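>
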Amino acid sequence: MSLLGQLPAPIQKGSDDYGTALNLNVGSRVLVAKSTIPPYGHRKNWVPRNQEDFLDGGAFPEIHVPQYPLGMGQEKNVSNALVIKTDKDGRIRYDELVRQGHSKDRIIYSKFSDLLPKPIDDDDPEFNKPSQETIEETTEKTRRALESLVEMKVAAAAPVRRAEKTNPAEYIRYTPSQQGAAFNSGAKQRLVRMVEMQKDPMEPPKFKINQKIPRGPPSPPPPLMHSPARKVTVKEQQDWKIPPCISNWKNPRGYTIPLDKRVAADGRGLQTVHINENFAKLAEALYTADRKAREAVEMRAQIERKVAQKEKERKEEQLQRIAQQARESRAGLRRPGATEGGDNDPGLLDREELRRDRARDRARERNLARSNNEAKAKIEKDKERDISEQIALGLPNPRFNATSESLFDQRLFNQSKGLDSGFEGGADDLYNIYDKPWRGDSELVTHIYRPRQKDTDAYGTDLDALKKTKRFVPDREFSGTDHSRRLDGPVQFERDEEDPFNLSKFLSKVKKAEKRPGEGTSGTDISNRDTTHRKRDRKD
330 MSLLGQLPAP IQKGSDDYGT ALNLNVGSRV LVAKSTIPPY GHRKNWVPRN
380 QEDFLDGGAF PEIHVPQYPL GMGQEKNVSN ALVIKTDKDG RIRYDELVRQ
430 GHSKDRIIYS KFSDLLPKPI DDDDPEFNKP SQETIEETTE KTRRALESLV
480 EMKVAAAAPV RRAEKTNPAE YIRYTPSQQG AAFNSGAKQR LVRMVEMQKD
530 PMEPPKFKIN QKIPRGPPSP PPPLMHSPAR KVTVKEQQDW KIPPCISNWK
580 NPRGYTIPLD KRVAADGRGL QTVHINENFA KLAEALYTAD RKAREAVEMR
630 AQIERKVAQK EKERKEEQLQ RIAQQARESR AGLRRPGATE GGDNDPGLLD
680 REELRRDRAR DRARERNLAR SNNEAKAKIE KDKERDISEQ IALGLPNPRF
730 NATSESLFDQ RLFNQSKGLD SGFEGGADDL YNIYDKPWRG DSELVTHIYR
780 PRQKDTDAYG TDLDALKKTK RFVPDREFSG TDHSRRLDGP VQFERDEEDP
830 FNLSKFLSKV KKAEKRPGEG TSGTDISNRD TTHRKRDRKD
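Structural data, given as structure tokens:
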């Protein structure tokens with residue numbers, strides 16, 4: 330049996346298959362290239378674009394552009410972009426980003442289905458309890474693995490190690506490829522004994538194993554399941570405003586920090602203030618006690634007022650009774666039918682008070698009748714306002730029988746004419762609302778503005794009393810008045826003169842006199858003269 334027969338069958342494809350496939354690819358490329366590449370001498374505007382244009386791998390020296398046949402000399406583009414992979418439904422698998430840098434056997438939870446609880450089936454063999462043999466076998470393997478680790482640690486820590494046990498020798502049957510009497514001493518096969526070389530326990534280490542090796546990638550972060558995006562509210566924006574950290578003791582740069590920033594950095598706004606409910610109970614108890622105390626004080630005050638009122642009434646009745654007895658004793662009279670209990674009649678005092686009031690009224694009327702007309706007019710004036718005050722205050726005169734036509738503007742009521750009859754013929758831009766007198770009645774104008782002797786119908790009998798008073802004399806006019814023209818409207822005033830007493834002229838003369846003092850007079854004489862005038866004025 331030959332050695333080739335003992336070898337296992339090849340798993341991968343042989344070189345013949347690779348060469349056949351390469352020849353097929355080259356042949357196809359040749360066919361394509363023959364149809365696309367122009368012949369030599371006709372390549373003026375042709376530029377190779379892909380690898381198929383180079384045919385056998387050679388460049389075209391007559392074409393002066395950068396050429397990379399078979400990718401030789403071309404820089405490799407290093408990219409960290411991942412290949413897009415899809416699942417069975419055609420959706421992109423984004424979990425490849427999480428798996429980057431980890432082995433393919435590592436379990437990574439990156440899908441929503443990984444968060445769902447896995448259904449447990451009692452008949453599933455994966456969840457069955459292992460048998461006793463499996464438990465013992467696993468325990469023995471674990472014990473041997475732990476012992477080997479411990480022995481290695483102990484042996485490495487020992488200064489002198491004993492020689493390690495070598496593996497047993499192996500025998501290999503060797504059959505050379507060249508057979509013949511001239512080769513291998515004419516033997517067709519040989520037996521080779523292979524023994525592991527013994528290691529010297531005192532030999533120092535040949536390799537450095539204490540170098541620091543970079544750590545592998547850490548465990549992937551847990552997947553975060555985000556909710557759908559929504560609009561951020563104003564409150565959330567304010568909550569995200571984190572105040573800066575401000576110290577109450579250190580300020581090395583000497584910044585001027587506002588008080589509101591210090592309060593915000595203090596954190597007192599983040600604390601929830603809890604108010605004890607006993608405060609509310611105490612406040613309610615104090616309010617109730619205050620209200621009860623006020624009610625008690627008010628009740629005591631009312632009782633005291635009632636007692637004082639009764640005491641006052643009792644004293645007044647006693648004084649009235651004593652006064653009545655004194656009057657009767659002076660007059661020597663005794664009321665008919667009066668008994669001992671007659672003084673307690675409540676209506677008697679009221680009737681006596683009414684008699685005294687009526688007696689005072691009759692005495693006042695007699696005094697008014699005996700008084701002169703001036704005192705009577707003064708009393709009547711104090712009782713009612715005169716006509717001037719009524720006009721100034723805008724009070725109506727009940728004695729004057731004014732009609733409705735004189736109280737309102739007749740242009741405001743319905744008229745037989747159109748809107749252009751009044752207010753300047755309807756011209757709104759003129760804005761002249763005073764084109765006609767409001768009250769055209771001459772009697773009304775004379776009654777309001779200038780009462781005369783003929784106003785007996787308007788004033789009645791009160792006109793004589795008004796004429797005799799000193800405060801309102803209608804027939805006595807001011808000096809300088811002119812009644813040649815009768816006034817039909819309101820009172821007219823004259824503009825004040827700028828200098829009615831010629832003070833400016835007088836002052837100018839005085840200033841000129843001060844500038845030119847009299848001859849033969851000195852400053853001392855003038856001062857003495859002024860002092861003499863002041864003394865005379867003081868004596869006067």
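Letter by letter, the sequence shown follows residues 330 to 869 in the numbering used here.
Even glycine gets a Cβ: it sits at the ideal position worked out from N, Cα and C.
These figures come from a predicted structure and were not determined experimentally.
#1: Considering only their Cβ atoms, is the gap separating I366 from V376 smaller than 8 Å?
#2: Across which residues does DSSP place Y500 in a beta bridge pair?
#3: Checking 8 Å against the spacing of the C-beta atoms, do L520 and R502 come in under that value?
#4: Suppose you measure from the CA of W578 to the CA of H603; what does that come to, to the nearest Å?
#5: Just tell me which of R591, R824, E646, V524 has its CA closest to the CA of P572.
#6: Within 7 Å: the Cβ of K373 and any heavy atom of the ligand NAP?
#7: Below 8 Å, can you find three or more Cβ-Cβ pairs linking the region 522-537 to the region 493-501?
#8: For K458, collect the residues of the same chain with a Cβ closer than 6 Å to its Cβ; drop the 5 residues on either side in sequence, then sort them by chain order.
#9: How is the alpha helix (DSSP H) around F456 delimited, first residue to last?
#10: For I366, which beta-bridge partners are listed by DSSP?
#11: State the DSSP-derived secondary structure class of T463, mapped to helix, strand or coil.
#12: For I421 and R428, which I take to be in contact (beta-carbon distance under 8 Å), what is that distance rounded to the nearest angstrom?
#13: Could you check if F383 is buried or exposed, using at least 16 other CB atoms within 10 Å of its CB as the buried criterion?
#14: So what does T415 bridge to, in DSSP terms?
#15: Inspect the CB distances between the region 437-456 and the region 542-558 and report whether three or more fall short of 8 Å.
#16: Does the distance from the CB of Q649 to the CB of L683 come in under 8 Å?
#17: Check this for me: beta carbons of P398 and G386, under 8 Å apart or not?
#18: Which residue from A637, I538, A498, F830 puts its Cα closest to that of M273?
#19: Measuring only the C-alpha atoms, how far is A618 from R597?
#20: Return the first residue and the last residue of the alpha helix (DSSP H) that R491 is part of.
#21: What residue range does the alpha helix (DSSP H) around L444 cover?
#22: Going by Cα to Cα distance, which pick from R659, F441, F830, G430 is closest to L553?
#23: Apart from the five residues just before and just after R629, which ones in its own chain have a Cβ nearer than 6 Å to its Cβ?
#24: For I413, collect the residues of the same chain with a Cβ closer than 7 Å to its Cβ; drop the 5 residues on either side in sequence, then sort them by chain order.
#25: Hey, which unbroken runs of the alpha helix (DSSP H) at 4 residues or more fall wholly within the region 575-612?
#26: Can you tell me which of the three DSSP states V479 falls into?
#27: By alpha-carbon positions, which one of Q403, L426, D418 ends up nearest to N409?
#28: Do F456 and I449 have their beta-carbon atoms positioned less than 8 Å apart in this structure?
#29: Excluding sequence positions up to five away, which residues of its chain have a Cβ less than 6 Å from the Cβ of E823?
#30: Quick check: R378 and F389, are their CB atoms within less than 8 Å of each other?
#31: Please work out which residues of its chain come closer than 8 Å, Cβ to Cβ, to D690, disregarding the five sequence neighbours upstream and downstream, and give them in chain order.
Quick answer:
#1: For this step, residue 376 is matched to residue 47 along the sequence shown. For this step, residue 366 is matched to residue 37 along the sequence shown. Not a contact, by the Cβ cut-off of 8 Å.
#2: The residue labelled residue 500 in the question sits at position 171 within the sequence shown. Its beta-bridge partners are R522.
#3: One-based indexing of the sequence shown puts residue 520 at position 191. One-based indexing of the sequence shown puts residue 502 at position 173. Yes, the pair counts as a contact, with Cβ atoms nearer than the cut-off.
#4: Counting from one through the sequence shown, the residue named residue 578 turns up at place 249. Counting from one through the sequence shown, the residue named residue 603 turns up at place 274. Distance between the alpha carbons of W578 and H603 is about 29 Å.
#5: In the sequence shown, residue 572 corresponds to position 243, counting from 1. Nearest C-alpha to P572: R591.
#6: Questions concerning the ligand NAP fall outside what the structure shown contains, since it holds no ligand whatsoever.
#7: yes
#8: One-based indexing of the sequence shown puts residue 458 at position 129. No residues qualify anywhere along the chain.
#9: Along the sequence shown, read from residue 1 onward, the residue named residue 456 stands at position 127. Unbroken run through F456: none, as it is neither H nor E.
#10: In the sequence shown, residue 366 corresponds to position 37, counting from 1. DSSP lists no partner for I366.
#11: Working through the sequence shown from its first residue, we reach residue 463 at position 134. Three-state result, T463: helix.
#12: Position 92 of the sequence shown, counted from the first residue, corresponds to residue 421. Position 99 of the sequence shown, counted from the first residue, corresponds to residue 428. At roughly 14 Å, the Cβ-Cβ gap does not stay under 8 Å, so I421 and R428 are not in contact.
#13: For this step, residue 383 is matched to residue 54 along the sequence shown. Result: buried.
#14: Taking the sequence shown and counting its residues from 1, one reaches residue 415 at position 86. Partner(s): I421.
#15: yes
#16: Against the sequence shown, residue 649 aligns to sequence position 320. Against the sequence shown, residue 683 aligns to sequence position 354. In this structure, L683 does not lie closer than 8 Å to Q649 by Cβ.
#17: Numbered from 1 along the sequence shown, position 69 holds the residue referred to as residue 398. Numbered from 1 along the sequence shown, position 57 holds the residue referred to as residue 386. A contact, by the Cβ cut-off of 8 Å.
#18: No answer is possible for residue 273: it lies beyond the span of the chain, which begins at 330 and ends at 869.
#19: Along the sequence shown, one-based indexing puts residue 618 at 289. Along the sequence shown, one-based indexing puts residue 597 at 268. Distance between the alpha carbons of A618 and R597: 36 Å.
#20: What you label residue 491 is simply residue 162 of the sequence shown in a count that begins at 1. Neither: R491 is in no alpha helix (DSSP H) and is coded neither H nor E.
#21: In the sequence shown, residue 444 corresponds to position 115, counting from 1. Run containing L444: none; DSSP gives neither H nor E here.
#22: In the sequence shown, residue 553 corresponds to position 224, counting from 1. When each option's Cα is compared against that of L553, the closest is F441.
#23: Looking up residue 629 in the sequence shown gives position 300. If we look at R629 and ignore the five residues flanking it on each side, it has no Cβ neighbours.
#24: Here residue 413 is taken as the residue at index 84 of the sequence shown, counted from 1. Taken in chain order, the residues that qualify are I421.
#25: 588-595
#26: Stepping through the sequence shown from its first residue, residue 479 is reached at position 150. In this structure, V479 counts as helix in the three-state DSSP scheme.
#27: For the purposes of this step, residue 409 is taken as residue 80 along the sequence shown, with counting starting at 1. Of the candidates Q403, L426, D418, the one whose C-alpha sits nearest the C-alpha of N409 is L426.
#28: Numbered from 1 along the sequence shown, position 120 holds the residue referred to as residue 449. Numbered from 1 along the sequence shown, position 127 holds the residue referred to as residue 456. In contact: I449 and F456 (Cβ atoms closer than 8 Å).
#29: Here residue 823 refers to the residue found at position 494 when the sequence shown is read from its first residue. Excluding sequence neighbours, E823 sits near nothing in its chain.
#30: Looking up residue 378 in the sequence shown gives position 49. Looking up residue 389 in the sequence shown gives position 60. No, the pair does not count as a contact, with Cβ atoms beyond the cut-off.
#31: Stepping through the sequence shown from its first residue, residue 690 is reached at position 361. Around D690: no qualifying Cβ.
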